[in-house]
Amino acid sequence: MPKLKIKKGDTVKVLAGNYRGQEGKILSVIIDKNRAVVEGINMVSRHTKPSAASPQGGIVKKEAAIQISNLMLVHNGVA
């Protein structure tokens with residue numbers, strides 16, 4: 002596996018897609034698929050059934066993974 006330059010907690014800028022130009026913090030990295038989950042970026046709606054943890058159920062907004070090739074590492078606000 003190639004070594005990734007991005008790790009959890011890093012600040013990144015989105016280079017391509019609907020969220021181009023936005024910055025966020027990495028929440029997790031999926032090494033096998035070359036993807037990362039970025040805080041507040043690529044939000045999707047998930048339908049949840051009622052359970053003990055959330056008796057109401059409903060629609061929950063959640064971050065989805067984005068390709069690492071579409072991200073650029075940012076150091077102290079400077080790309």
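Heads up, my numbering is the position in the sequence shown plus 1, with the first residue counted as 1.
Glycine included, C-beta positions come from ideal geometry on N, C-alpha and C.
Spatial neighbours of GLN23 in its own chain (CB-CB distance under 8 Å, excluding positions within 5 residues in sequence) are listed in chain order as LYS14, VAL15, GLY41, ILE42. The distance from the Cβ of LEU74 to that of LYS4 is about 14 Å, inconsistent with a contact at the 8 Å cut-off. Between the alpha carbons of LEU28 and MET44 lies a distance of about 13 Å. CA-CA distance, LYS63 to SER46, rounds to 6 Å.
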